[in-house]
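Heads up, the thing below is written out as C-alpha cells.
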Amino acid sequence: MVNISESVKSLDKIIIYKNAAKKLLRGFFTLGVHKSGKIFVGKSVHISHRASIFCGKNVKFEDYSEIHGLSTNGLHFGDNVTIGRYTEIRPSSYYGVGNIGYGLEMGEHSSIGPFGFVGCSGPIKIGKDVMVGPRVSFFAENHNFTNRDVDIKYQGVNNKGITIEDNCWIGSGVIILDGVTIGKGSVIGAGTLVAKDVPQNSIVYNKKSRVIRER
1 MVNISESVKS LDKIIIYKNA AKKLLRGFFT LGVHKSGKIF VGKSVHISHR
51 ASIFCGKNVK FEDYSEIHGL STNGLHFGDN VTIGRYTEIR PSSYYGVGNI
101 GYGLEMGEHS SIGPFGFVGC SGPIKIGKDV MVGPRVSFFA ENHNFTNRDV
151 DIKYQGVNNK GITIEDNCWI GSGVIILDGV TIGKGSVIGA GTLVAKDVPQ
201 NSIVYNKKSR VIRER
C-alpha cells in the first residue's frame, strides 16, 4: 500500500500503515469522483462538484485540503499525485457567481505542498514529476482595470493560464502569476514572484539579501 524506507522502525511503520489505511478507507467511500484506482483522503477534506474531478491511481488529498471541482474542463490528477494539507484548489466562486473557471491538470508523480493555493479560473497545467513546495500560490487570472470610469470589480477578468512543464522544483512561498510558462527542468527559489516565462533548465530566484550597512 505504501513503500516505506527500510530505516523506519517497526513501531513507526505500524503507525504509518494505520494512518494510510484510514485515508484509503475514506477514499473508498468518496463517491462521485472519477477514479482509475484507489485514492487516499485525509480527515476533514472537502471535495465538491465531484463529477468534474478525475483521479488516477494513488492520488492523495491530505488533511483539510479543499478540492472545488466546479469548472468547464474539470480537475485532472495523474497517478501518484499528492495535494498537501490545507491546500485549496479553486477554479470558480463557491456560489457559481461570474464566469466558471477552466480547471487544472496535474501529471503523474507531481505534488503540491501544504497551504498551497491554486486559483485555476484560467487553465493551469502542471507536468510530470513536478515538486511544488509549501505555501505556493498560482493565480491564473487578472482583473481588468483600464476603464477609470468603472469600478475595477465590475470590469471583468482575463485568463491566459499557467503552465509548469515536467521535472520542475518550485520552492516554498513562490507566487506564480497568470500567463507564465515555466520550462522543463527549472528550479524556482523560495519566495520568488514569477511574472514572466522561465526558459527550460533555468534557476530563478529573487535578489539575494545584501548588507546595507554595518551595525
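Quick note on the numbering used here: the sequence shown kicks off at 1 and runs consecutively. For glycine and all other residues, C-beta sits at the position ideal for the given N, C-alpha and C. On a predicted model such as this, the values are computed, not experimentally measured, just so you know.
According to the Cβ coordinates, are residue i and residue j closer than 8 Å?
i: G96; j: L75; result: no
i: Q200; j: G183; result: yes
i: I126; j: E105; result: yes
i: R85; j: V118; result: no
i: N142; j: N167; result: no
i: Y94; j: G122; result: no
i: V136; j: I162; result: no
i: H68; j: S44; result: no
i: N19; j: K38; result: no
Going by Cα to Cα distance, which pick from the options is closest to residue i?
i: D178; options: I124, G103, I152; result: I124
i: G173; options: E105, G113, N19; result: G113
i: V81; options: F61, E88, D197, F28; result: F61
i: G78; options: I16, S7, D129; result: D129
i: G56; options: N3, H34, H49, N144; result: H34
i: I16; options: D197, G156, N3; result: N3
i: G185; options: L25, G37, M131; result: M131
i: C120; options: I176, N144, V194, G191; result: I176
i: P134; options: K160, L11, N147, F115; result: F115
i: G98; options: S36, D197, G156; result: G156
i: N138; options: N144, R148, V194; result: The amino acid at residue 138 is misidentified as Asn; the sequence shows Phe. Minimum Cα distance to F138 is reached at V194.
Do you know offhand how far residue i's Cα is from residue j's?
i: E66; j: I170; result: 21 Å
i: K153; j: F29; result: 40 Å
i: A51; j: D63; result: 21 Å
i: E217; j: V8; result: It is not possible to answer for residue 217, since the shown part of the chain is limited to 1 through 215.
i: K13; j: I83; result: 22 Å
i: S202; j: V187; result: 6 Å
i: N73; j: G27; result: 23 Å
i: L25; j: T87; result: 21 Å
i: F54; j: T192; result: 31 Å
i: T146; j: V41; result: 44 Å
i: S92; j: S10; result: 45 Å
i: A21; j: S36; result: 18 Å
i: V198; j: R148; result: 33 Å
i: I100; j: K196; result: 25 Å
Would you call residue i buried or exposed, if buried means 16 or more other Cβ atoms sit within 10 Å of its Cβ?
i: S110; result: buried
i: A140; result: buried
i: V150; result: exposed
i: K23; result: buried
i: Y205; result: exposed
i: S5; result: exposed
According to DSSP, simplified to helix, strand and coil, what is residue i?
i: G113; result: coil
i: S48; result: strand
i: N142; result: strand
i: G27; result: helix
i: S202; result: coil
i: N182; result: Checking the sequence shown, residue 182 turns out to be Ile, not Asn. It is a strand residue.
i: N19; result: helix
i: L11; result: helix
i: K60; result: strand
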